[in-house]
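The structure appears right after this line, and notes come after that.
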Amino acid sequence: MKKIMLIGYGAMAREVVSRLPKGVQVAWVVVPPEFREKLAGELADTDIAVLDSVTQAYTAPDLVLECAGHAALAEHGETVLRKGWPLAVVSVGALSDALLYAKLRCAASKGHSSLKILSGAVAGMDGLAAAREAGLEEVLYVSRKSPQSWHGSPAETLVDLNTVDKATVFFEGSAGEAARLFPANANVAATIALNGVGMDATRVQLVVDPHTHRNTHRIHARGAFGEMSIELAGHPLPSNPKTSMLAALSAVRACRQLLEPVA
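UniProt numbering puts the first residue of the sequence shown at 1, with every later residue one more than the last.
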């Protein structure tokens, strides 16, 4: 039986738990101290240990899966990697912070561990990374979501989400800027950047569309390899419209890979 540690237990983590393959079980959940007692009561009938620090686990997990947001990755990521535990990251946008990215790379090297950047809500990252080997000239990412998906983000100050009646671009900039300004919505921008031309050179457009109920991601890349366009129209999680179902499924896949002899 493979045992995993979850950092966070919100909508994303709960979706992952509901879809875990046989042979993988959650042994630890790490949450902020103020939520520990309540969650411990909720999980009292399970074998899951509820912690507020990764250091409270006395045996090594087969995988640590971060599902808690940028601050949680900054708080726990370095410790996990220095312990030699493999870490899979959902909150890729946090890596737009160059200092944090450097710290995690260093910790993974010193701990002889690995930092796995999940593909999240998009596909084709293997092809984009391969294309980079010959040089990429341009990478553009366009994210199109419903007004509901942008509520609670800085989009509220850039466009009236309650009255917008047509597809509207409210942000144009670099992937680094998008990931920092829209951490709950733009993790994809950072994922594309890390697999492509970097945070500063990757161009991003964010669009609110009152006529859609899906999260649409379009990637266009051009370089010595040729040209590619990828478009996905995914459903958000019913429990959290800011989170893509495919992002949760990419975390499930990372857990399934613990069991697979072929990668």
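Cβ atoms here follow ideal geometry from the backbone N, Cα and C, with glycine treated the same way.
Would you list the residues sitting across from residue i in a DSSP beta bridge?
i, result
"residue 28", "5 and 49"
"residue 232", "217"
"residue 240", "237"
"residue 34", "According to DSSP, residue 34 bridges with nothing at all."
"residue 205", "142 and 172"
"residue 222", "138 and 227"
Please look up how many angstroms separate the CB atoms of residue i and residue j, rounded, as I've assumed it's under 8 Å.
i, j, result
"residue 223", "residue 204", "No, residue 223 and residue 204 are not in contact; Cβ-Cβ is about 18 Å, not under 8 Å."
"residue 11", "residue 237", "5 Å"
"residue 196", "residue 132", "6 Å"
"residue 115", "residue 73", "Actually they do not touch by this definition, with Cβ atoms about 10 Å apart."
"residue 44", "residue 96", "Contact flag wrong, Cβ pair sits at about 38 Å."
"residue 199", "residue 175", "5 Å"
"residue 77", "residue 104", "5 Å"
"residue 91", "residue 240", "That pair is no contact at about 14 Å."
Can you list, in chain order, the residues of its chain with a C-beta nearer than 8 Å to that of residue i? Leave out the 5 residues immediately preceding and following it.
i, result
"residue 39", "9, 29, 31 and 50"
"residue 164", "147, 208 and 210"
Going along the chain, which residues of its own chain have a beta-carbon closer than 6 Å to the beta-carbon of residue i, five neighbours each way excluded?
i, result
"residue 27", "3"
"residue 246", "121 and 234"
"residue 19", "252"
Taking C-alpha atoms, which residue in the options lies nearest to residue i?
i, options, result
"residue 258", "108, 15 and 65", "65"
"residue 93", "189, 228, 165 and 6", "189"
"residue 226", "134, 52 and 76", "134"
"residue 183", "14, 113 and 70", "70"
"residue 138", "228, 7, 110 and 58", "228"
"residue 144", "54, 87, 47 and 168", "168"
Can you list, in chain order, the residues of its chain with a C-beta nearer than 7 Å to that of residue i? Leave out the 5 residues immediately preceding and following it.
i, result
"residue 274", "With the chain represented from 1 up to 263, any question about residue 274 goes unanswered, as that position is not in the structure."
Original post:
Can you list the alpha helix (DSSP H) stretches of 4 or more residues lying completely in the segment 108 to 179, in chain order?
Top reply: The qualifying runs are 125 to 132, 147 to 150 and 155 to 158.
Original post:
Which parts of the segment 62 to 116 are runs of the alpha helix (DSSP H), unbroken and 4 residues or longer, counting only runs that do not cross its ends?
Top reply: Listed in chain order, the complete alpha helix (DSSP H) runs (minimum 4 residues) inside the segment 62 to 116 are 70 to 82 and 98 to 111.
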